[in-house]
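Using the numbering used here, read the sequence shown as starting at -8 and increasing by one per residue. Glycine included, every Cβ here is placed at the ideal spot set by N, Cα and C. Below is one structure, written out as C-alpha cells, with a few remarks after it.
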Amino acid sequence: SERVLRQVRGILNKLTPDNFERLFSQLVESITTAEILSGSISMLFEKAVAEPMFCSLNAELCLRLSKELPEFPPSGGDSKPMTFRRVLLNTCQEEFEGSLMGLSQEANDEKDDADSKAKRRMLGNVKLIGHLFTRRVINQKIVLVCVQQLLSGNIPGQGDTGVHENCIECACEILSLTAKSLGETPKAVPLVESYFAKLDDLANSSSLSSRVRFVIKDVQELKRAKFVPRKEGGNPKTISEIHAEAQAELGIAVMPDSLAKSFAPLSGMITKEDEVQELLPALRGGDEGWDISGKSESNIIDGSKYSAFIGEAPPLPTRTKEEDTKKEEESTSSSKAPPSTPEELEKRTKSTLNEYMISADIGEAMLCIKELNCDEGQSAKVVELVIAQLLDNVKSTEKDLLLQLLVALRTRSAVSAEALIAGLKAHTANLEDLAIDVPLAPQLIGEAIAACIVEGAADLGLLKTILEGCEGCEVKRKFVLVILLKMRQKGIDLKEKLGEFEINLSEVLKADELDPPDLPSVKDFLSSKGLSSLA
C-alpha cells in the first residue's frame, strides 16, 4: 500500500483542470482498500489546506470520488462500512477542532511563525469546507457549527476565551462562500442573520485591528450585493478557458487549423514567408514548416531519413566543428555577466534552446551556454532544462538535436561530470511520479543517459550513480533497458562493462516490498528482452 500511496501523492501533485479526467481515472483505479482510501484522503486534505487557491479543484475531486468509489469493509471494531464521504467528514472535523485550538492559543501575535501557520491552515480548512458544502458533499449543519464555534469564542477544552481576530477572519471566509446557499434553506436563514449581526457588533469594536474590520466590511458588502462577487476569480482554469477569456476581453484568438488552411497562398503568389526564406535559406521548413509553392526542396535536410539515435544526421552548412570550438574559446575572454537569479538563468537557457531547435546550429548554442559563465549549480540547472525540453513532447528530429547538445555540453567542457549527474538526477529522483504525467519519461531519460555513455560524455559510472537515487523498480527497468540496448547496438560488450563498474543488475533491478507482487524476476525480465547473459 505504501507504493500505491506514493503513486496517489504523485497524481495529486500533478492534478490540473486540463488533465483532471485522465488523472481522476488513475486515482479511482489506485484506491482499492480501506487503508489506501484513508491515506489518500489524508494526502488530499493536506494538499487542499496547504494550497487554498486550488480548493475549488480539490473539492470537485472530492465530489467525484464520493460518487465513484465503493464502500469498503469496516476496519477494527467499527461496525459501519468505510466510505469516502464518511472518512472525509471525520478528517474535516478533526482538522477543524485541532486548528481552532491552535489559533486560539497563538492569537493576536502577528509576528509569531506558529500563529501564521495555524492561521493559514485554518483558512485553507474552512475554504475547503465551504467549497465542499456548495457541491453538497457535506451538509449545512457542519457549516453552521463551524461558524458558530468561530464566532462564539468558546473553544472546546479552553472555555470562553473571547473571539479572536483569526477566528473572525475564518468565519468571514466561510460565510462569503456559503451564505448564499445557506440562505436558500428557511431553517438556516435566522442563524445566518445572527452571524452577520455578531459581525456588525464586532466591526464596531475598537479592539479589532483595522485589517480585520476591513475583512468584515468586505463580507457585509457581499451580503448587500446578494452574494454576487464583484469579480469571479480564484478558481483554476483550463487552457481553453484562458484562451476564450483572452478572445473575449482582448480580441486575441487562435485560428483553427481548418480555417488556417483556407488562407494558404495561391500558387505562384509571392508571400512574406518567401522573402524571409530567400534571406534565411537554412531555416526552410520542409515537412516541419511551410510548403512554399514553386520552391524546390532538393536541398532541405529531412531528419526522418537518418538514424533515430544521435550523430548520424548530416550537419547543416554553417560552421565546421573546428570553427565552433575556436569561436567558443575566443568567447571566454568576452563572456557576458553570469545570471544573477535562477529566473534569469532559466530564461536565458530556454531562449538558447528555442533558437537551437530552429537553427540546429550546435556551435552557436554552445557559444551562448558558455557565455552564461555558470557555476557548478547553474550548470546542473542547464542540464536539467535540456532534459525538461526533451520531455516536452518533442518530435524525433528535435529529440536528436537535444541529445547532441547534451553530449556536447560535457565533451566540450561546458559542464562538469558532477553537473551532468546533478542535472539528470533532478529528473530521475522523482521518475516514478514524473512517469504518471509523462509516460515516455523513463524511455527518454534512458536515451539521454545512453547518448552520454556511447558518445563518450560519461562512463557507465553515470548509470550507477543515477540508480542509487531512483525509486520504483518498474521505471528503473524501463530506462536501464533502453541504455543496455543502445549500448549493445553500438557494439559495446555489456557484461564486461557492467563488471568493470561493479553494477549487479540482479541487485539494482530487483523488486522490493513497495513494488507490485506480480513483477517478473530480474532474470525473467532480462531474458524476455534478449539479455539473459546479464542476469
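Can you tell me whether F218 is helix, strand or coil according to DSSP?
For the purposes of this step, residue 218 is taken as the residue at position 227 of the sequence shown. In this structure, F218 counts as coil in the three-state DSSP scheme.
Buried or exposed by the 16-neighbour rule on C-beta atoms within 10 Å, applied to T176
Residue 176 sits at position 185 when you count from the first residue of the sequence shown. Per the 10 Å Cβ criterion, exposed.
Under the rule that 16 or more other beta-carbon atoms within 10 Å means buried, what is Q480, buried or exposed?
As a position in the sequence shown, residue 480 is number 489, starting the count at 1. With fewer than 16 Cβ atoms within 10 Å of its Cβ, Q480 is classed as exposed.
Bridge partners - M73, DSSP secondary structure assignment
As a working mapping, residue 73 is identified with position 82 in the sequence shown. DSSP, once it has assigned bridges, lists F63 as partnering M73.
Would you check if the distance between the CB atom of K171 and the CB atom of F218 is smaller than 8 angstroms?
In the sequence shown, residue 171 corresponds to position 180, counting from 1. In the sequence shown, residue 218 corresponds to position 227, counting from 1. Yes, the Cβ-Cβ distance between K171 and F218 is below 8 angstroms.
Cα-Cα separation, N495 to A439
Your numbering for residue 495 matches position 504 in the sequence shown. Your numbering for residue 439 matches position 448 in the sequence shown. C-alpha separation (whole angstroms): 21 angstroms.
Output the boundary residues of the alpha helix (DSSP H) element that contains V445.
Numbered from its first residue, the sequence shown carries residue 445 at position 454. A432 to V445 is the span of the alpha helix (DSSP H), which, as asked, contains V445.
For S404, does the count of other Cβ atoms within 10 angstroms reach 16, so buried, or fall short, so exposed?
Residue 404 sits at position 413 when you count from the first residue of the sequence shown. By the 10 Å Cβ count, S404 comes out exposed.
Contact set for L400: own chain, Cβ-Cβ below 6 angstroms, skip 5 residues either direction
The residue you call residue 400 lines up with position 409 of the sequence shown. Correct list, in chain order: V406.
Would the region 439 to 449 and the region 491 to 509 be scored as touching if the rule is three or more Cβ pairs under 8 angstroms?
Contact annotation: the region 439 to 449 does not touch the region 491 to 509, with fewer than three C-beta pairs closer than 8 angstroms.
Give a yes or no on whether the C-beta atoms belonging to L168 and K118 are separated by under 8 angstroms.
Looking up residue 168 in the sequence shown gives position 177. Looking up residue 118 in the sequence shown gives position 127. Their beta carbons are under 8 angstroms apart, which means L168 touches K118 by this criterion.
Is V429 helix, strand or coil when you go by DSSP?
One-based indexing of the sequence shown puts residue 429 at position 438. Coil at V429, not helix or strand.
Please work out which residues of its chain come closer than 7 angstroms, Cβ to Cβ, to R55, disregarding the five sequence neighbours upstream and downstream, and give them in chain order.
Within the sequence shown, numbered from 1, the residue matching residue 55 stands at position 64. F15.
From L36 to T456, what distance separates their C-alpha atoms?
As a working note, residue 36 is residue 45 in the sequence shown. As a working note, residue 456 is residue 465 in the sequence shown. Looking at the sequence itself, residue 36 is Phe, so the reference to Leu does not match. Answer to the nearest angstrom: the Cα atoms are 36 angstroms apart.
Please report the Cβ distance between P330 and L382, rounded to the nearest whole angstrom; I am assuming they are in contact, meaning their Cβ atoms lie under 8 angstroms.
If you number the sequence shown from 1, residue 330 lands on position 339. If you number the sequence shown from 1, residue 382 lands on position 391. Actually they are not in contact, since the Cβ atoms of P330 and L382 sit about 23 angstroms apart, beyond 8 angstroms.
Could you tell me which of E355, D391 and L411 sits nearest to E367, measuring between CA atoms?
Stepping through the sequence shown from its first residue, residue 367 is reached at position 376. It is L411 whose Cα lies nearest to the Cα of E367.
Chain-order list of residues whose beta-carbon lies under 6 angstroms from that of T7 (same chain, five-residue window excluded):
Here residue 7 is taken as the residue at index 16 of the sequence shown, counted from 1. Excluding residues within five positions, none has a Cβ falling inside 6 angstroms.
Go ahead and pull the three-state DSSP assignment for K386.
Start at 1 with the first residue of the sequence shown, and residue 386 comes out as number 395. Three-state result, K386: coil.
Please go through the same chain and pick out, in chain order, the residues whose beta-carbon is closer than 7 angstroms to the beta-carbon of A432, but skip the five residues on each side of it.
As a working note, residue 432 is residue 441 in the sequence shown. Within the same chain, A432 has close Cβ partners L382, L422, L425 and A426.
Spatial distance of F11 from R126 (CA atoms):
On the sequence shown, residue 11 is found 20 positions in, with the first residue counted as 1. On the sequence shown, residue 126 is found 135 positions in, with the first residue counted as 1. The alpha-carbon atoms of F11 and R126 are separated by roughly 17 angstroms.
Heavy atom of the ligand ZN less than 7 angstroms from the Cβ of T402, yes or no?
As far as ligands go, the structure on display features none, and thus does not contain the ligand ZN.
With 16 as the cutoff for other CB atoms within 10 Å, does V377 come out buried or exposed?
Position 386 of the sequence shown, counted from the first residue, corresponds to residue 377. With 16 or more other Cβ atoms within 10 Å, it is buried.
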